[in-house]
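Undergrad: Shown below is the structure under consideration.
In this note's numbering, the protein residues as written are 913 to 1260.
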């Protein structure tokens, strides 16, 4: 019959847990803390009958006692984990704030952009509509003015036909007519001045119109003055004297004599009265009497009268020839600024 092994109890020096060891066993491992124990030679325990009985081992395991290094390492890991968790929480919080702001900001920016684009489009459309309305009003106004001007020309004159143009050109080429301004000026106006009682009054008004024109645009105009005589040369000797004053003293001599004739307006001048007017302005009496009977002077008057008939000009009004168009009647004077603007594109 085999001998029984002696089992004895001992405590782990590390954690205090109970460990059972057999006789002759030299190394043990604690089941709780894995601590390794090395046992030396132990004497045999006295027989159980002799050894006083020991209280039964406690079924409650002793409290766990961790290694201080392990505890420190665990605490360090916990701190690092807490720090990482805090960092992650902070980043997440920041991202949680920034991302919505960026999204909302983007939405707002896009909304503002679209609103501005819509506003600009609407504004441009409104401007286009307004511009179209203004252009239409302007075009309608221009068309209305064009029609009014066409009606004015038709009711106050007529274009020169070939016969009229030829007669006028031959007259201006043959007879040196009084004129204002330079012959090389840009625009030419030809005045036919009647010397009837009403015609003299119109001459006076036309002279004012001409002076205003030359004050503002004198360098642009060449104004030719054609005095229209009566059919009988002997009743138009004052025109003969007018040419003589112009030939001797230029346009100033003509204007001086014209002002005297305007002050002494009469239907006709007989030989005595015409000579008297010429002498009063400085002409020698013998010269005046000679011109009154001069046949060449009478021929000039007849040519002017014939051209006046060819152009079918009124006897009691002043007439103007502008751009091969003859304007007749009082409108020539009262609406001269209107004619000036539409014929030459000038104001005043």
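We put the beta carbon where it would ideally sit given N, CA and C, even for glycine.
Which parts of the stretch 1059 to 1107 are runs of the beta strand (DSSP E), unbroken and 3 residues or longer, counting only runs that do not cross its ends?
TA: You should have 1069 to 1071 and 1099 to 1106.
Undergrad: Would residue 1131 and residue 1162 be called neighbours here (beta carbons separated by less than 9 Å)?
TA: Result no, Cβ atoms of residue 1131 and residue 1162 do not sit closer than 9 Å.
Undergrad: For residue 1110, which of 1023, 1227 and 1212 has the nearest alpha-carbon?
TA: Among 1023, 1227 and 1212, the Cα nearest to that of residue 1110 is on 1227.
Undergrad: Kindly provide the ranges of any alpha helix (DSSP H) runs that are 4 or more residues long and lie completely inside the stretch 1135 to 1207, ordered along the chain.
TA: The stretch 1135 to 1207 contains these whole alpha helix (DSSP H) runs: 1149 to 1175, 1183 to 1192 and 1197 to 1205.
Undergrad: Let me know if residue 1115 comes out buried or exposed under the rule of 16 or more other beta-carbons within 10 Å of its beta-carbon.
TA: Label assigned to residue 1115: buried.
Undergrad: Alpha carbons only, please: which of 1239, 1258, 1233 and 1255 is nearest the one belonging to residue 1077?
TA: With distances taken between Cα atoms, residue 1077 lies closest to 1233.
Undergrad: Out of 938, 1175 and 1174, state which residue places its alpha-carbon closest to the alpha-carbon of residue 950.
TA: When only C-alpha atoms are compared, the closest one is 938.
Undergrad: Taking DSSP as the reference, what is the three-state secondary structure of residue 1053?
TA: In this structure, residue 1053 counts as helix in the three-state DSSP scheme.
Undergrad: Consult DSSP for residue 929 and reduce its assignment to one of helix, strand or coil.
TA: Residue 929: coil per DSSP, three-state reduction.
Undergrad: Would you list the residues sitting across from residue 1110 in a DSSP beta bridge?
TA: Answer by DSSP bridge pairing: none, since residue 1110 is not bridged.
Undergrad: Going by alpha carbons, who is nearest to residue 1158 out of 1137, 1222 and 1082?
TA: If we check each option's Cα against that of residue 1158, 1137 comes out closest.
Undergrad: Buried or exposed for residue 956, going by 16 or more other Cβ atoms inside 10 Å?
TA: Unreliable placement is indicated for residue 956, whose pLDDT of 47 sits below 50; the coordinate value is still reported in the next sentence. Looking at its Cβ environment, which holds fewer than 16 other Cβ atoms inside 10 Å, residue 956 is exposed.
Undergrad: Given this structure, state the Cα-to-Cα distance separating residue 1034 from residue 1023, to the nearest angstrom.
TA: About 16 Å.
Undergrad: Using the C-alpha atoms, what's the distance from residue 1062 back to residue 1191?
TA: Rounded to whole angstroms, residue 1191 to residue 1062 spans 48 Å at the Cα level.
Undergrad: Report yes if the C-beta distance between residue 1222 and residue 1074 is below 9 Å; otherwise report no.
TA: Cβ distance not < 9 Å, so residue 1222 and residue 1074 don't count as in contact.
Undergrad: Can you tell me whether residue 991 is helix, strand or coil according to DSSP?
TA: DSSP places residue 991 in helix when its eight states are reduced to three.
Undergrad: Using a 10 Å radius around the Cβ and a threshold of 16 neighbouring Cβ atoms, would you call residue 1165 buried or exposed?
TA: Burial call: buried.
Undergrad: In angstroms, rounded to a whole number, what distance separates the CA positions of residue 1195 and residue 1099?
TA: Spanning the two alpha carbons is a distance of roughly 34 Å.
Undergrad: Rounded to whole angstroms, what's the CA-CA distance from residue 1220 to residue 1096? Just pull it up for me.
TA: For residue 1220 and residue 1096, the distance between alpha carbons rounds to 25 Å.
Undergrad: Rounded to the nearest angstrom, how far is the Cβ of residue 1238 from that of residue 1125, given a contact under 8 Å?
TA: With a Cβ gap of about 18 Å, residue 1238 and residue 1125 do not count as contacting.
Undergrad: Mind checking residue 1229: buried by the 16 CB within 10 Å criterion, or exposed?
TA: So residue 1229 counts as buried.
Undergrad: Of the choices 1193, 1185, 1184 and 1246, whose alpha-carbon is the least far from that of residue 1170?
TA: If we check each option's Cα against that of residue 1170, 1193 comes out closest.
Undergrad: Confirm, please, whether the CB-CB distance from residue 1145 to residue 1107 is below 9 Å.
TA: It is not a contact, given that the beta carbons lie outside the stated cut-off.
Undergrad: Based on Cα-Cα distance, which residue from 1065, 993, 1051 and 1102 lies nearest to residue 1081?
TA: Of the candidates 1065, 993, 1051 and 1102, the one whose C-alpha sits nearest the C-alpha of residue 1081 is 1102.
Undergrad: Please state whether DSSP places residue 1230 in a helix, a strand or coil.
TA: Residue state, collapsed to three classes: coil.
Undergrad: DSSP three-state call for residue 940: helix, strand or coil?
TA: In the structure shown, residue 940 sits in a strand (DSSP, three-state: E or B).
Undergrad: Measuring straight from C-alpha to C-alpha, what distance separates residue 1185 and residue 1243?
TA: Going from the Cα of residue 1185 to the Cα of residue 1243 covers about 32 Å.
Undergrad: Determine the DSSP secondary structure at residue 1258, reduced to helix, strand or coil.
TA: Three-state result, residue 1258: coil.
Undergrad: Let me confirm a value: residue 1172 is counted as buried when at least 16 other C-beta atoms fall within 10 Å, else exposed. Which label applies?
TA: With fewer than 16 other Cβ atoms within 10 Å, it is exposed.
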